[in-house]
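Read through the structure below, which is laid out as structure tokens, and then see the notes.
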Amino acid sequence: MVQGIYTKSEFIDGMKNLGCPTIENLKKSLSKYRNELKNQQFFKNLYVFTFHFARDKKKKGLGFDIAHQLWKVFYK
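For the sequence shown, the numbering used here assigns the number 216 to the initial residue and increments by one for each residue that follows.
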């Protein structure tokens, strides 16, 4: 897997692992996932994981463009 690029089978398997084998199941689950983000420790853990996942391993931080896009996802 390349960051941001998933094969169809990876996507389908990931959705099944989340308990969302269909788009309808995913739509119904979104509020649950949004509510989890209100938990400060969960949010912090997800934020740190995303930072390490998204950064170039040769650098200590993220470029502004990547950070800006991720902030849009986290703080929408």
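Idealized CB from N, CA, C, for every residue including glycine.
(request) Measure the alpha-carbon distance for M216 versus V288 and round it to whole angstroms. (result) The count along the sequence shown starts at 1 and reaches residue 216 at position 1. The count along the sequence shown starts at 1 and reaches residue 288 at position 73. Low per-residue confidence applies at M216: pLDDT is 48, beneath 50, and the placement is therefore not dependable, though the value from the model is reported in the following sentence. The straight-line gap from Cα to Cα measures roughly 21 angstroms.
(message) Could you tell me which whole alpha helix (DSSP H) segments of length 4 or greater appear in the region 220 to 282?
(response) 223 to 232, 238 to 251, 255 to 269
(message) For a quick check, are the C-beta atoms of F266 and L252 less than 8 angstroms apart?
(response) Indexing the sequence shown from 1 puts residue 266 at position 51. Indexing the sequence shown from 1 puts residue 252 at position 37. For F266 and L252, no; Cβs fall outside 8 angstroms.
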